[in-house]
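Same order as they appear, the protein sequences are chains A and B.
Mind the numbering: the first sequence is residues 37 to 236 in the working numbering, read in order.
Mind the numbering: the second sequence is residues 37 to 236 in the working numbering, read in order.
The C-beta atom is built at its ideal place from N, Cα and C for all residues, glycine as well.
Just so it is clear, the structure is predicted and the values come from calculations on it, not from any experiment.
Protein chains: 2
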Amino acid sequence: MKVLPRPYHHGNLREALLKAAEQALEDGGLPSMSLRELSRELGVTHASPRRHFAGKQDLIDALAARGFERMDAILGRAAKNNGQVFKTRLTKFARAYVGFALKHPALCGLMFEAKHRPGAPKELLQASDKAFSHGRALFADGQASGEVVEGDPYRLALVAYASLQGLISISTAGKFKGISLDTLVPEIMDRIILGLGPRN
Amino acid sequence: MKVLPRPYHHGNLREALLKAAEQALEDGGLPSMSLRELSRELGVTHASPRRHFAGKQDLIDALAARGFERMDAILGRAAKNNGQVFKTRLTKFARAYVGFALKHPALCGLMFEAKHRPGAPKELLQASDKAFSHGRALFADGQASGEVVEGDPYRLALVAYASLQGLISISTAGKFKGISLDTLVPEIMDRIILGLGPRN
DNA sequence: ACCTGAACACCGTTCAAGT
DNA sequence: ACCTGAACACCGTTCAAGT
Chain A
37 MKVLPRPYHH GNLREALLKA AEQALEDGGL PSMSLRELSR ELGVTHASPR RHFAGKQDLI
97 DALAARGFER MDAILGRAAK NNGQVFKTRL TKFARAYVGF ALKHPALCGL MFEAKHRPGA
157 PKELLQASDK AFSHGRALFA DGQASGEVVE GDPYRLALVA YASLQGLISI STAGKFKGIS
217 LDTLVPEIMD RIILGLGPRN
Chain B
37 MKVLPRPYHH GNLREALLKA AEQALEDGGL PSMSLRELSR ELGVTHASPR RHFAGKQDLI
97 DALAARGFER MDAILGRAAK NNGQVFKTRL TKFARAYVGF ALKHPALCGL MFEAKHRPGA
157 PKELLQASDK AFSHGRALFA DGQASGEVVE GDPYRLALVA YASLQGLISI STAGKFKGIS
217 LDTLVPEIMD RIILGLGPRN
């Protein structure tokens with residue numbers, strides 16, 4: 037079904053734009069992701085994208101929504117470790133989250149910004165919410181089994197989320213002087229869990 | 037054909053540009069910080085900034101370096117709480133760091149990016165390093181007094197730094213559903229400290 | 001439906017020339 | 001030294017017109 041490889045796009049321009057946009061984004065950042073440049077690469081006029089995306093922001097939002105869908109699939113798999121202790125599940129989950137973010141750093145930055153932009157389309161917000169639902173469910177499970185202290189799960193998850201988000205920021209920026217994430221992520225999760233356990 | 041000549045910008049154009057640039061940055065983000073727009077605001081030609089900044093990146097780097105100098109002053113004061121327990125000092129320090137970041141969110145984002153950009157000027161890297169030296173010193177103090185576990189201070193501080201950086205990212209993005217930072221920052225620091233204390 | 005071609009208003013950068 | 005004015009090559013967006 038997926039043939040038509042010629043640079044003249046009949047019905048694939050939208051897909052081709054999204055793919056080329058992500059490539060350009062990871063290669064040279066948002067400023068290098070220009071509609072005109074993408075059009076040039078795909079062999080169409082710079083006005084062609086207008087048929088598929090209302091404007092550059094619309095392309096960005098679509099790219100972000102797709103990112104959250106992919107993240108949702110990955111986090112969904114990572115969270116489905118029933119029968120494990122909470123600590124193991126959280127560590128696996130965190131590793132999957134960080135792994136995805138480090139594999140697509142520019143895309144994740146764009147997802148983060150797009151999601152928080154005032155006026156973000158609700159389709160994007162829903163995709164983001166769906167992806168993050170696995171984390172909330174994980175913390176709820178931890179509370180149900182008594183492994184996580186009682187309280188607002190949103191707030192509890194926030195601490196872990198903040199740590200990971202910061203880790204990703206720093207790591208994405210590239211300044212990680214030879215410290216492996218494979219050991220640092222569990223280390224951070226261990227410390228978080230020390231604070232999440234039942235009070236004594 | 038005669039047009040009234042624009043008067044030369046009296047005083048320091050370089051200073052005026054930096055000030056106007058920071059304002060534009062916080063108001064509308066990096067894309068709204070345009071050299072041409074700044075020149076218009078200050079009543080000079082769009083080519084004038086060239087005398088003071090080699091290009092837009094140069095202005096950005098100067099803005100970032102100034103930001104780190106201001107941060108250095110604030111963190112220096114916050115870290116000078118000798119005679120207090122480590123936990124108190126770290127919490128005060130973290131509050132000062134988060135406070136600065138939330139007061140100047142766009143500037144801090146620019147500082148973070150500029151610092152990690154390949155090819156960042158060494159003056160900028162030095163300013164950043166100076167600002168962060170207070171945090172490293174704080175952790176070294178904690179180790180000297182036995183309140184912080186032994187080990188690489190850089191790595192230990194990284195966990196706390198990551199948490200704060202993530203907290204700032206999330207908070208700056210604006211999605212904090214009525215959770216006060218005055219209670220959340222100490223809460224996060226408490227949990228970090230649980231993991232930093234001597235092993236038992 | 002899908003794309004073109006031209007136009008408009010922006011942008012950063014460069015450079016010879018003015019004061 | 002400091003700034004101007006014009007030029008160049010980009011950009012996003014719009015729209016009448018082609019197929």
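Query	Result
A:L78 beta carbon near the ligand GTP (any heavy atom closer than 6 Å)	With respect to the ligand GTP, the structure offers nothing, as it holds no ligand at all.
Segments of 3+ residues assigned as beta strand (DSSP E) that fall wholly inside the stretch 173-230 of chain A	none
B:A180 beta carbon less than 7 Å from that of B:P189	no
At least three beta-carbon pairs within less than 8 Å, the stretch 137-157 of chain B to the stretch 88-99 of chain B	yes
Sequence ranges, alpha helix (DSSP H) only - wholly within the stretch 114-166 of chain A, length at least 4	122-139, 141-152
Meets three-Cβ-pair contact criterion under 8 Å: the stretch 197-212 of chain A and the stretch 191-198 of chain B	yes
Contacts around B:A52, its chain only, beta-carbon distance under 6 Å, and the 5 residues preceding and following it disregarded	L78
Contact set between B:L146 and chain A, taken where Cβ atoms lie within less than 7 Å	Per Cβ cutoff of 7 Å: no residues; B:L146 is ~13 Å from chain A at best.
Alpha-carbon spacing of A:R86 relative to A:N48, whole angstroms	14 Å
Residues that B:Y133 contacts on chain A, provided the C-beta gap is smaller than 7 Å	By Cβ distance, chain A contributes nothing, its closest Cβ being about 12 Å from B:Y133, past 7 Å.
contact_flag[the stretch 106-116 of chain A, the stretch 65-78 of chain A] where n(CB pairs < 8 Å) is 3 or more	no
C-beta contact flag for B:A137 and A:H152 at 7 Å	no
Burial state of B:A90 (16 or more Cβ within 10 Å)	exposed
B:L66 versus B:M147 - alpha carbon distance	12 Å
Straight-line gap, B:K123 to A:A193 (C-alpha atoms, nearest Å)	23 Å
Proximity of B:V221 and B:A130 at Cβ, strictly below 7 Å	yes
Proximity below 7 Å, CB of B:A57 to CB of B:S68	no
C-beta neighbour in chain B for A:I224, strict 7 Å	yes
Simplified DSSP state of A:F89, which is helix, strand or coil	coil
Neighbouring residues, chain A, relative to B:Q201 (Cβ below 7 Å)	G202, S205, I206
Contact with chain A by B:R235, beta-carbon distance below 7 Å	Annotation note: pLDDT 49 at B:R235 (below 50); position unreliable, no value reported.
Reduced DSSP secondary structure (H/G/I, E/B, other) of B:A83	coil
Closer than 7 Å to chain B by CB, A:A98	no
Spatially closest choice to A:R125 from A:H170, A:D63, A:S216, by CA coordinates	A:H170
Beta-carbon spacing of A:A167, A:M107 below 7 Å	yes
Residues, ordered as in the chain, of the stretch 159-192 of chain B that lie near chain A by beta-carbon distance below 7 Å	R191
Span separating the alpha-carbon of A:P154 from that of B:S216	21 Å
Reduced DSSP secondary structure (H/G/I, E/B, other) of B:M107	helix
Reference B:K158; option with closest CA among B:N118, B:F104, B:G182	B:F104
Pair within 7 Å by beta-carbon distance, B:I92 and B:L71	According to the sequence provided, residue 92 of chain B is Lys. The question's Ile does not apply to it. Cβ distance < 7 Å, so B:K92 and B:L71 count as in contact.
8 Å Cβ cut-off: residues of chain A touching B:I215	R191, L194
Within 7 Å, strictly: CB atoms of B:G178 and B:V185	no
Buried versus exposed call for B:L160 [16 or more other C-beta atoms within 10 Å across all chains shown]	buried
A:P67, enclosing alpha helix (DSSP H) - first and last residue	49-68
Cα-Cα separation, A:N118 to B:E62	46 Å
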